[in-house]
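Step one of this worksheet: look at the structure below.
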Amino acid sequence: MATPIIDSIVASPSVVAPRGAFVVSIVAHDPDSRSWTLTGTVTDSTGSPITSSVAVTVSDSLTYGLTAPTGSGFTLTPRAGSPGVFDCVAP
Amino acid sequence: MADYALVGTVVDAAGNAASRTVTVTVGAATAAQWYVDPTGNDSNTGTTPNAPFRTVQKAATVVNAGDVVLVASGVYTGGSAVLSLNRGGTASAPVIFRSAVRWGAVLDGNNNVSSECIHFGAPNIRIEGFELRNCWHDAVEASASGLANLVISRCHIHHIGKQCSDGSEGRSGIDAYSNSLTVEGCLIHDIGRFGPGEDPTCTPTSTAWQNHDHGIYLGQGAGVIIRNNIFVACDRGWAIQRFGGSFPVDGAIIANNTFAYPNPNKSGQIIVAGNLSNTIFANNIFYLPKDAGIWWSGGTMSNVQVFNNLSTGLLSLGTPGGVTFTNNLVGDPRFVDAVGGDFHLAAGSPALGAGASLAQVTDNFDGTARTSPPTIGAY
Numbered sequence: 001m002a003t004p005i006i007d008s009i010v011a012s013p014s015v016v017a018p019r020g021a022f023v024v025s026i027v028a029h030d031p032d033s034r035s036w037t038l039t040g041t042v043t044d045s046t047g048s049p050i051t052s053s054v055a056v057t058v059s060d061s062l063t064y065g066l067t068a069p070t071g072s073g074f075t076l077t078p079r080a081g082s083p084g085v086f087d088c089v090a091p
Numbered sequence: 001m002a003d004y005a006l007v008g009t010v011v012d013a014a015g016n017a018a019s020r021t022v023t024v025t026v027g028a029a030t031a032a033q034w035y036v037d038p039t040g041n042d043s044n045t046g047t048t049p050n051a052p053f054r055t056v057q058k059a060a061t062v063v064n065a066g067d068v069v070l071v072a073s074g075v076y077t078g079g080s081a082v083l084s085l086n087r088g089g090t091a092s093a094p095v096i097f098r099s100a101v102r103w104g105a106v107l108d109g110n111n112n113v114s115s116e117c118i119h120f121g122a123p124n125i126r127i128e129g130f131e132l133r134n135c136w137h138d139a140v141e142a143s144a145s146g147l148a149n150l151v152i153s154r155c156h157i158h159h160i161g162k163q164c165s166d167g168s169e170g171r172s173g174i175d176a177y178s179n180s181l182t183v184e185g186c187l188i189h190d191i192g193r194f195g196p197g198e199d200p201t202c203t204p205t206s207t208a209w210q211n212h213d214h215g216i217y218l219g220q221g222a223g224v225i226i227r228n229n230i231f232v233a234c235d236r237g238w239a240i241q242r243f244g245g246s247f248p249v250d251g252a253i254i255a256n257n258t259f260a261y262p263n264p265n266k267s268g269q270i271i272v273a274g275n276l277s278n279t280i281f282a283n284n285i286f287y288l289p290k291d292a293g294i295w296w297s298g299g300t301m302s303n304v305q306v307f308n309n310l311s312t313g314l315l316s317l318g319t320p321g322g323v324t325f326t327n328n329l330v331g332d333p334r335f336v337d338a339v340g341g342d343f344h345l346a347a348g349s350p351a352l353g354a355g356a357s358l359a360q361v362t363d364n365f366d367g368t369a370r371t372s373p374p375t376i377g378a379y
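And the structure:
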């Protein structure tokens, strides 16, 4: 299994006043992930088919983390329901 | 004002982990953040992500000490200089221009319309994460009087000076005449004019293409730091050219850089042809240079130390007085994929953990903290 790829990591804003709030967003993907399109068909008694498709992606689940230098005093909180997003407060 | 590197980590189910850093600046409450985006408008306030400026140049005309300009991904062009910087900060509160995504914001000379991608006209400015390309003279020009405390960090500098020229006027990635100039974590390649066969409309009639254009032209300065950079095939001159006649260079630190591939027409990946004092060359990798990594061509040396470098062949051409050599290695650095441009080190590399600890080099090209003892080269 290949190492995950971090596409970007952005702090917004990236300059803050002391004790100011900011958000860090990490966008990453699993290079091993694969996607398929599955197509289902239903045919009625007259022979007329109706088709519909669904996309299926198989991917590792990714766990996101964010750390600050030891003792720097940052507060870093993962945002519930938003993987890769952290609500942060500067020291 | 202080910069902090926050480390983001992503781990998959098998425990494979990747990490990258993002810099956050904690400053005085009065420091402002400005926004630039290719979809913006210079009539906007520029003070929120929803009202960005269109050009980086507009932001440069309004910044004050301690301000940060966050530039969204996209291509930005300009006039004689893509970005002319005449408003700086203070030593403790520099003005920062930051690409929101590393190499996402591009300062483009528009096929050599612009002479310079960045022109420094003021001190105390930091440039982070930009791609600089297609300017005809320099990617970064830092030769105005009174410059100091300039930082070029984590940029991608390439295709500079790509013209047909037989003249002696040199092109460079960075034209360096500033005190306290730092160049760190940059990838620098394809610097200099066309050579024979490189462009169908160009047939050089002199040999200027062999040695007049450089990655960094180190002309003058005290306290210059060149660290964690990757120089690839600077074959129109040298990766670093120390010249400048009688202008002094004092207290320079050239450390943990990776120099890859030769100039087939000239010896060395660094040429020293001017005076140097109190200067360090340490922890650098010289990969396949012609004849030697460093060519001591001229100048007077005083207290120059060369230690813990790794070269695939000779490290030094010339035996200047005033230079000491210690703990330097010869060998194959065992890059992961040099042909493919991946200069990370494979297991078993003699560079791993073979460097000397330097207070001025605490992380690497990727922004990852260095271990102790550190590894030789940019990673």
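Going line by line, the protein sequences match chains C and X.
The opening position of the first sequence corresponds to residue 1 in the numbering used here, with each subsequent residue numbered one higher.
The opening position of the second sequence corresponds to residue 1 in the numbering used here, with each subsequent residue numbered one higher.
All C-beta atoms in this analysis are idealised placements derived from N, C-alpha and C, irrespective of residue type, glycine included.
By the CB criterion at 7 Å, Q220(X) and F194(X) fall outside the cutoff. According to the DSSP assignment, A59(X) belongs to the alpha helix (DSSP H) that extends over V56 to A60.
Boundaries of the beta strand (DSSP E) harbouring I240(X): I240 to R242, taken from the DSSP string. Residue pairing of G221(X) in beta bridges, as defined by DSSP: V249(X). Contiguous alpha helix (DSSP H) elements confined to the region 145-231 of chain X do not occur, taking only those with 4 or more residues. Taking a cut-off of 8 Å for Cβ pairs, the region 11-27 of chain X and the region 40-54 of chain X do not touch, as fewer than three such pairs fall below it. The C-beta of T25(X) comes closer than 7 Å to at least one C-beta of chain C. Burial is judged here by how many other beta carbons sit within 10 angstroms of a residue's own beta carbon; W36(C) has fewer than 16 and is exposed. With contacts defined as CB atoms closer than 7 Å, Q269(X) and G293(X) qualify as a contacting pair.
Here G73(C) is exposed: its Cβ has fewer than 16 other Cβ atoms, across all protein chains shown, within 10 Å. In the DSSP annotation of this structure, the continuous segment of the beta strand (DSSP E) that includes P78(C) starts and ends at T75 to P78. Burial is judged here by how many other beta carbons sit within 10 angstroms of a residue's own beta carbon; D213(X) has at least 16 and is buried.
By the C-beta criterion, the region 45-52 of chain C is judged not to be in contact with the region 7-19 of chain C, since fewer than 3 inter-stretch pairs fall below 8 Å. Under the three-state reduction of DSSP, A233(X) is assigned to coil, being neither helix nor strand. Identification of residues in the region 62-88 of chain C having a C-beta nearer than 9 Å to some C-beta of chain X yields L62, T63, Y64, G65, L66, T67, A68, P69, S72, F74, L76, G84, F86 and C88, given in sequence order. It is roughly 42 Å from the alpha-carbon of Y287(X) to the alpha-carbon of F22(C).
A176(X) is not a Cβ neighbour of I160(X), given a cutoff of 7 Å.
Under DSSP, W136(X) shares a beta bridge with no residue.
Less than 7 Å divides the Cβ of G8(X) from the Cβ of L66(C).
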